[in-house]
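Student: Submitted below is the structure of interest, expressed as structure tokens.
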DNA sequence: CTACGGCTTTGAGCGCGCTCGAAGTCAAGG
DNA sequence: CCTTGACTTCGAGCGCGCTCAAAGCCGTAG
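Chains as they are written, first to last, in the numbering used here: chain X, 66 to 206; chain V, 66 to 206.
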């Protein structure tokens with residue numbers, strides 16, 4: 066598989082694939098007769114895993130540590146496992162933080178919804194006995 | 066409250082606070098006689114909210130839209146609510162993605178744990194009738 | 001009076017993760 | 001033969017979100 070096709074299949078650009086190889090995230094690809102990269106389909110699995118590490122916020126620097134261990138073969142299993150376990154805790158903490166933020170967001174949105182509700186009610190009142198000017202509540206943030 | 070104290074209480078650096086004011090994330094602070102910023106404690110609530118938006122991945126560009134609406138007063142409530150609702154969906158989607166990644170991470174870690182288990186068993190076997198060299202399993206990513 | 005710490009502005013610089021452009025090689029198709 | 005288009009390397013550039021340095025002002029303590 067050439068780089069263009071891998072780009073399409075992996076969702077990364079050819080530029081990015083070369084960049085990843087340059088920095089060591091991807092192993093140096095085999096070349097065909099004229100020096101063009103010729104990939105084995107199995108690389109897709111590794112790319113997919115890298116994508117997940119990235120999605121979960123792992124910096125490239127740390128992915129490189131993992132990639133380097135991987136290159137060194139099966140003997141590095143324990144180290145890789147430790148790295149992933151540490152990362153997993155980071156991600157779990159981040160998810161928890163996001164969920165807490167979601168609650169705040171919910172209540173904030175709820176506040177705006179209430180305000181709109183009051184405005185509608187006020188409009189209705191005006192339609193009945195006209196002119197009542199209720200001041201909307203606080204603007205806390 | 067001067068900028069140094071606000072920095073300590075908000076967890077942002079004075080540099081960052083000035084930067085936020087410069088770009089419009091924070092309203093222009095009142096100044097004392099000699100031109101130094103003099104903050105009202107209520108700004109902390111807004112900063113805290115900004116922090117949450119940032120934690121949840123909202124780009125500054127979008128925080129600026131929200132901040133601008135806020136400056137324009139209560140009339141912009143519906144718009145702000147819409148903005149936050151859209152952001153909430155983004156965050157929810159991101160959380161779901163992270164959780165999916167966590168499952169993958171778990172199974173990956175499980176794989177390493179199994180490998181270690183097999184190695185231990187193998188060691189034990191060697192101690193009994195010596196020399197058996199079992200080839201470790203695949204290195205899939 | 002002086003020294004000190006904390007503040008002011010402006011603009012430059014940085015770390016990250018790409019992203020792109022230039023200049024050139026190569027293989028297949030019309 | 002000549003064009004087309006996908007590939008090669010290398011280094012520069014970009015968008016984001018800060019972060020910091022320079023040069024200078026102010027107010028209080030010693």
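All C-beta atoms, glycine included, are put in the ideal place defined by N, C-alpha and C. Note that the structure is a prediction, hence the values are computed from the model and not measured.
#1: Using a Cβ-Cβ distance under 7 Å, would residue 180 of chain V count as near chain X?
#2: For the ligand ATP, any of its heavy atoms closer than 6 Å to the Cβ of residue 105 of chain V?
#3: Taking the beta carbon of residue 163 of chain X as the centre, do at least 16 other beta carbons fall within 10 Å, making it buried, or is it exposed?
#4: Using a beta-carbon distance below 7 Å, is residue 50 of chain X in contact with chain V?
#5: Just the C-alpha distance for residue 200 of chain X and residue 179 of chain X, rounded to the nearest angstrom, thanks.
#6: Are residue 129 of chain V and residue 176 of chain V touching if we call contact CB-CB under 7 Å?
#7: Are the stretch 135-152 of chain V and the stretch 96-112 of chain X touching by the rule of at least three beta carbon pairs closer than 8 Å?
#8: Measure the alpha-carbon distance for residue 84 of chain V versus residue 100 of chain V and round it to whole angstroms.
#9: With a 10 Å radius around its C-beta and 16 neighbouring C-beta atoms as the bar for buried, classify residue 121 of chain V as buried or exposed.
#10: When the cut-off is 7 Å and only beta carbons count, does residue 177 of chain V lie next to chain X?
#11: Where in the stretch 122-198 of chain X do unbroken runs of the alpha helix (DSSP H), each at least 4 residues long, occur, reported from the N-terminal end onward?
#12: Could you tell me which residues DSSP pairs with residue 207 of chain V in its beta bridges?
Tutor: Based on what the coordinates show:
#1: Yes, its Cβ sits closer than 7 Å to a Cβ of chain X.
#2: Of ligands this structure carries none, so the ligand ATP is not represented either.
#3: Around the C-beta of residue 163 of chain X, 16 or more other C-beta atoms lie within 10 Å, and the residue is accordingly described as buried.
#4: Outside the modelled stretch of chain X, which goes from 66 to 206, sits residue 50 of chain X, for which no answer is possible.
#5: Low confidence applies here, because residue 200 of chain X scores a pLDDT of 45, under 50, leaving its location unreliable; read the following figure in that light. Taken atom to atom, the span from the alpha-carbon of residue 200 of chain X to that of residue 179 of chain X is near 14 Å.
#6: It is not a contact, given that the beta carbons lie outside the stated cut-off.
#7: In short, these stretches do not touch, since the Cβ pair count stays below three.
#8: C-alpha separation (whole angstroms): 17 Å.
#9: Buried is the call here.
#10: True, the Cβ-Cβ gap to chain X drops below 7 Å.
#11: Counting whole runs of 4 or more residues, the stretch 122-198 of chain X contains the alpha helix (DSSP H) stretches 125-136, 142-194.
#12: As shown, chain V starts at 66 and ends at 206. That puts residue 207 of chain V outside it, with no answer to give.
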